[in-house]
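S.K.: Submitted below is the structure of interest, expressed as structure tokens.
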Amino acid sequence: MKNLLLSAALIGVSLATASAERPNLVVSIIVDQLRYDYLERFQSQFTDRGFGLFYKQGAVLSFGRYNYFPTSTAPGHATVLSGAPPSEHGIIGNSWFDKRTRKSVYCAEDKSVEGVGITGIDGQRSPKNFIGSNLADQMRLHLGSRVIGISMKDRGAILPAGNKPAGAYWFDSKSGHFVTSTYYTKSLPDWVVDYNNKDRAGSFLGTKWTRLLPADQYDYEDDAPGERPLPGEKKAVFPHTIGSKTNTTRSAVMPTPFANQILMEFAMAAIEGEGLGSGERTDLLCVSFSPVDYIGHAFGPHSHEIQDTIIRLDRQFDAFFDYLDQKIGLENVLIHLTADHGVAPLPEFAQAQGIAGGRYNAATQLLDLMGKLSDHFGPAKYFLYPKFSSGQLIYDHSVLREKKIPVADVDKFIREWAFDTGLFQAAYSRAQLLDGLAPGQIGRAVFNGFNGERGADMILIAKQFLIPTYGSGGTTHGSPYNYDTHVPMLFFGPGVKPGRYDDEFYITDIAPTLAAILRVELPSGCTGKPLVKMLTDPKQARIPAPPRVNRR
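Sequential numbering from 5 applies to the sequence shown in our numbering.
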């Protein structure tokens, strides 16, 4: 009996020790459209405890890259904590075309649920289209973690937080409130209601967005060719007026740095309201900062607006990390920061540097292709989805069967058409990708982003610095080129060896690295490997089985 009691006591001590070695809170930060070069270009203007926290006390991975195509918001948010490429987790874009239902599918749509705090389709959201598990799921399973996801975008809140978090909340641009769906809860928690009642978004309406620093401390020019003015403005220059006090919606706040402030405040409210990091378990807070993406699309990566947004974000992180230190103690917090993708420079900026770039009208090109297909194979509607989404084309195979046209013949025709236009760098057919016959760096990226069930019949890759036209001006992302794939990968906290690491790492390596530090099982579809050099104890990379926990 004494031996049994002694064994039980020893087990209790070992479990307590294992628990103590883990952080109280993991904070997963994704900054939407944060290019790596922003951190190098603006580093002299950062504080010691914003981005500087990672440079001075954490780990900075200089060559973190996305290893798949397309580099879009939903795939990025699905990959960061799953360690899986779109080929595995199935989120192949912000939306895709379902060939069986012949309907477009939004990445986070779920018609079986309803909005909470919001009505209509914008509330019918859940992670049901995600395939497999991610780190949030493994933390809940092994550590009993409480998980919360928040973002301006629904997909930014939902996809990192896993299959059954305690909550996922996104911003309703009409009401200015954070909302959720019945997938997560039947009613908003009191702490969310309390924050919504402050109408923080409304408090910014009618105010001015001016530069934080003197104008001569900003790079390049303010009124650059190709920049797109914000809604309601005629010129893309400082100062910017944020809507009007008479606005009935809060959308004008979203493409400004003050929306990041709202997210930061809401993150603090989540920690307080959910008690994150306050118990014996290790909790997870996922925060996606969407406003950088809105601003980058309009003004481009070399604008005063982007520089000002990143400088302000540094100060906002400074305040947030100080709050974490006061509330939990930074020694008890593990933080990682990355991006879901980068962004292309404005074509006009590239051209001014002597680089061949430009804009092309995707709709016009598709009409030209459809016409040439009809001329060559006979009149018919050859595409199920008559849109040129991310260069992906979907055939109507019933038409091909009826006209007895081999798919390979259509593949060959489209490939030759694509190269004849002078717009495209590469073309990959479904047959190639299913057989794994996509050589080269671009080919591997396309292969990693291709899911057999949801993927297209033909994928065309535009040339470098060439982007589709979206309204007047602005820029976009989605390519396999470095300006879209090279992103920050930053770590701070227990288990992290501070330093700068110049090896090439991939976005799929973040999840297994965090899993190694936390000693939990890898997510189901994870293809990445732990960044062993960055671990204080390389033995962590073996990921031993975690202790059993009580999850009553």
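Positions of the beta carbon are idealized from the N, C-alpha and C atoms, including for glycine.
Would you list the residues sitting across from Asp176 in a DSSP beta bridge?
M.R.: The partner list for Asp176 (beta bridge, DSSP) reads His181.
S.K.: So the alpha helix (DSSP H) Glu278 belongs to, where does it begin and stop?
M.R.: Pro261 to Glu278 is the extent of the alpha helix (DSSP H) around Glu278.
S.K.: So what does DSSP say about Thr75, is it helix, strand or coil?
M.R.: DSSP places Thr75 in coil when its eight states are reduced to three.
S.K.: Which residues in the same chain as Thr211 place their Cβ atom closer than 7 Å to its Cβ, once the five residues preceding and following it in sequence are excluded?
M.R.: So the qualifying residues of the chain are Ile246.
S.K.: Applying the criterion that 16 or more other CB atoms from any shown protein chain within 10 Å of the CB defines a buried residue, is Tyr474 buried or exposed?
M.R.: Tyr474 is exposed by the Cβ-count criterion.
S.K.: Among residues of its own chain, excluding the 5 on either side of Leu9, which ones have a beta-carbon nearer than 7 Å to its beta-carbon?
M.R.: Low confidence applies to Leu9: its pLDDT is 36, below 50, so where it sits in the model is not reliable, and the reading given next is rough at best. Cβ within range, chain order: n/a, list empty.
S.K.: Any contact of the segment 71-90 with the segment 432-442, i.e. 3+ C-beta pairs under 8 Å?
M.R.: As far as the Cβ criterion goes, the segment 71-90 does not touch the segment 432-442, which means the pair count is below three.
S.K.: Since Gly304 and Gly230 should fall inside the 8 Å C-beta cutoff, what is the C-beta to C-beta distance between them, to a whole number of angstroms?
M.R.: About 7 Å; that satisfies the 8 Å criterion.
S.K.: If we ignore side chains and look at the alpha-carbon of each, how far apart do Ser393 and Ala82 end up?
M.R.: Rounded to the nearest angstrom, the two C-alpha atoms are 19 Å apart.
S.K.: Roughly how many whole angstroms lie between the Cα atoms of Glu420 and Leu377?
M.R.: C-alpha separation (whole angstroms): 12 Å.
S.K.: Would you kindly report the start and end of the unbroken alpha helix (DSSP H) that includes Ile418?
M.R.: Here the alpha helix (DSSP H) through Ile418 covers Val411 to Thr425.
S.K.: What residues match up with His340 in a beta bridge as DSSP calls it?
M.R.: Looking at the DSSP assignment, His340 forms a beta bridge with Ser32 and Phe495.
S.K.: Please return the same chain residues whose Cβ sits closer than 7 Å to the Cβ of Ser177, not counting the five positions on each side in sequence.
M.R.: If we look at Ser177 and ignore the five residues flanking it on each side, its Cβ neighbours are Thr253, Arg254, Ser255 and Met258.
S.K.: Does the distance from the CB of Tyr510 to the CB of Ile314 come in under 7 Å?
M.R.: No, the Cβ-Cβ distance between Tyr510 and Ile314 is not below 7 Å.
S.K.: Can you find at least 3 beta carbon pairs, one from the segment 382-400 and one from the segment 485-501, that sit closer than 8 Å?
M.R.: With a cut-off of 8 Å, the segment 485-501 and the segment 382-400 do not count as touching, because too few Cβ pairs lie within range.
S.K.: If you draw a straight line from the alpha carbon of His306 to that of Arg215, how long is it in whole angstroms?
M.R.: Distance between the alpha carbons of His306 and Arg215: 15 Å.
S.K.: Whose CA, out of Phe175, Phe262 and Phe417, lies closest to the CA of Leu209?
M.R.: Selected option, being the one with the closest Cα: Phe262.
S.K.: Measuring CA to CA, which of Thr123, Gly127 and Ile122 is closest to Ala112?
M.R.: Among Thr123, Gly127 and Ile122, the Cα nearest to that of Ala112 is on Gly127.
S.K.: So if DSSP puts Glu284 in a beta bridge, which residue, or which two residues, is it bridged to?
M.R.: Beta-bridge pairing links Glu284 to no other residue.
S.K.: Using CA coordinates, which residue listed in Glu525, Ala466 and Lys239 is at the minimum distance from Asp424?
M.R.: Of Glu525, Ala466 and Lys239, the residue nearest in Cα terms is Ala466.
S.K.: Tell me where the alpha helix (DSSP H) around Glu44 begins and ends.
M.R.: Note, Glu44: alpha helix (DSSP H), Tyr40 to Arg45.
S.K.: Straight-line CA distance for Val291 to Gly97?
M.R.: So the two alpha carbons sit approximately 20 Å from each other.
S.K.: Is the beta carbon of Val414 closer than 7 Å to that of Ala384?
M.R.: No. Outside cutoff.
S.K.: Could you give the C-beta distance for Lys533 and Asp513, rounded to a whole number, given that I count them as a contact under 8 Å?
M.R.: About 6 Å; that satisfies the 8 Å criterion.
S.K.: Please tell me whether, using a cut-off of 6 Å, the distance from the CB of Gly80 to the nearest non-hydrogen atom of the ligand ADP is below it.
M.R.: Annotation note on the ligand ADP: not contained in the displayed structure, which lists no ligands.
S.K.: Are the Cβ atoms of Leu85 and Pro164 separated by less than 7 Å?
M.R.: Yes.
S.K.: My understanding is that Ala519 touches Leu139, with C-beta atoms under 8 Å, so please give their C-beta distance in whole angstroms.
M.R.: At roughly 6 Å, the Cβ-Cβ gap stays under 8 Å, so Ala519 and Leu139 are in contact.
S.K.: State the beta-bridge partners of Gln396 as determined by DSSP.
M.R.: Answer by DSSP bridge pairing, in chain order: Ser393 and Ile463.
S.K.: Classify Arg150: buried if its beta carbon has 16 or more other beta carbons within 10 angstroms, exposed otherwise.
M.R.: The residue in question, Arg150, is buried, as its Cβ has 16 or more Cβ neighbours within 10 Å.
S.K.: Since Pro472 and Ala302 should fall inside the 8 Å C-beta cutoff, what is the C-beta to C-beta distance between them, to a whole number of angstroms?
M.R.: That pair is no contact at about 16 Å.
S.K.: Tell me the DSSP secondary structure of Lys537 in three-state form.
M.R.: It is helical.
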